[in-house]
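Some notes on the structure that comes next.
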Amino acid sequence: MSDFSEFEMEGEILEEQDSGVWLSIGDLMSGLLMFFALLFVTTQLQLHHKYEDVQRLEGELQAKTKEVDLLKTELEAKIEELDKYQKAFQDLPLILLAQLDNQMGGSDLSVDPKTGDVSIGDRILFDLGSAELKPEGKAFLQEFIPAYSQIIFSTDDFRSMITRVIIEGHTSSDGDEYSNMDLSLQRSLSVANYISSQMSFPNQDNFKTKILAAGRGEIDADKTRDNPSDRKVVFRFQLKPPDWQQLLDRN
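In my numbering, the protein residues as written are 50 to 300.
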């Protein structure tokens with residue numbers, strides 16, 4: 050009888066031990082489950098942050114790509130503008146030389162093939178020491194100015210590129226420096242005023258807005274002698290240079 054009781058007691062002890070083991074395993078599994086759940090949530094949050102970072106970087110990349118495309122477009126436009134400038138700078142002097150020489154060739158008119166400067170000897174325009182246009186000078190301008198303006202405004206590119214038509218008076222080194230400067234300026238003004246108020250020709254309004262009268266006096270003259278070829282009126286055009294600064298100023 051006592052053996053049976055001892056056996057029952059041992060069975061109860063074993064059951065209690067087994068129950069404790071299963072509880073420990075259950076607690077461990079619950080802990081592991083919570084750990085993995087927490088790890089999963091943490092990983093999801095990290096992935097979400099990474100996804101947001103990727104989205105942000107993609108947005109920045111698209112913005113940079115658009116900016117690069119815009120800069121590329123602006124650069125291509127500037128290159129095209131530079132090409133037009135170079136073409137006008139190279140072609141216009143040669144066109145002036147060829148056409149003016151063909152229409153009005155003579156010893157009193159010369160064209161610089163590099164710059165397009167048109168030099169007109171003063172003897173055809175003025176009497177010696179005078180700033181009043183001679184009748185022959187007026188007749189010359191009536192023929193020359195329409196031809197000159199037709200050439201420099203012959204294309205849309207030329208028309209848009211030319212910012213100034215400078216009329217320069219020049220003298221020889223003979224005489225007083227200040228008197229020569231004043232005479233050269235008065236002569237250029239006489240020519241400019243005659244073109245603006247006494248002439249009618251195609252492109253006149255556009256031509257008038259470009260005119261700038263200037264006197265150079267004897268600055269460019271031969272200082273060693275009185276050279277008649279130094280006494281002249283020069284027509285010089287200025288071209289609008291490409292504006293690179295706007296592009297260079299962009300970050």
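Idealized CB from N, CA, C, for every residue including glycine.
For clarity, every value in this text was computed on a predicted model and none was experimentally measured.
Item	Value
Roughly how many angstroms separate the alpha carbons of LEU232 and LYS183, rounded to a whole number?	15 Å
Between GLN253, GLN235, MET78 and ASP279, which has its C-alpha nearest GLU181's C-alpha?	GLN235
Determine whether the beta carbon atoms of GLU217 and VAL283 lie at a separation below 8 Å.	yes
Would you call the segment 192–208 and the segment 265–283 touching, i.e. three or more CB-CB distances under 8 Å?	no
Going by the CB atoms, is the gap between ILE194 and ILE244 shorter than 8 Å?	yes
According to DSSP, simplified to helix, strand and coil, what is ARG274?	coil
Using a threshold of 8 Å, state whether the C-beta atoms of LEU177 and VAL167 are closer than that.	no
Report back the beta-carbon spacing between GLN191 and MET248 to the nearest angstrom; my notes put them in contact at under 8 Å.	7 Å
I think GLU266 touches GLU226, with their Cβ atoms under 8 Å apart; what is that distance to the nearest whole Å?	Here residue 266 is Gly; the residue named in the question, Glu, does not match the sequence. That pair is a contact at about 7 Å.
If you draw a straight line from the alpha carbon of ALA188 to that of GLY170, how long is it in whole angstroms?	14 Å
Excluding the 5 residues preceding and the 5 following VAL306 in the sequence, name in chain order all residues of the same chain whose CB lies nearer than 6 Å to its CB.	The structure shown does not extend to residue 306, since the chain spans only 50 to 300, so no value can be given for it.
Between LEU269 and HIS219, is the Cβ-Cβ spacing less than 8 Å?	Inspection of the sequence shows that residue 269 is occupied by Asp rather than by Leu. It is a contact, given that the beta carbons lie within the stated cut-off.
Is any heavy atom of the ligand MN found at a distance shorter than 7 Å from the C-beta of PHE284?	No copy of the ligand MN occurs in the structure displayed, which carries no ligand at all.
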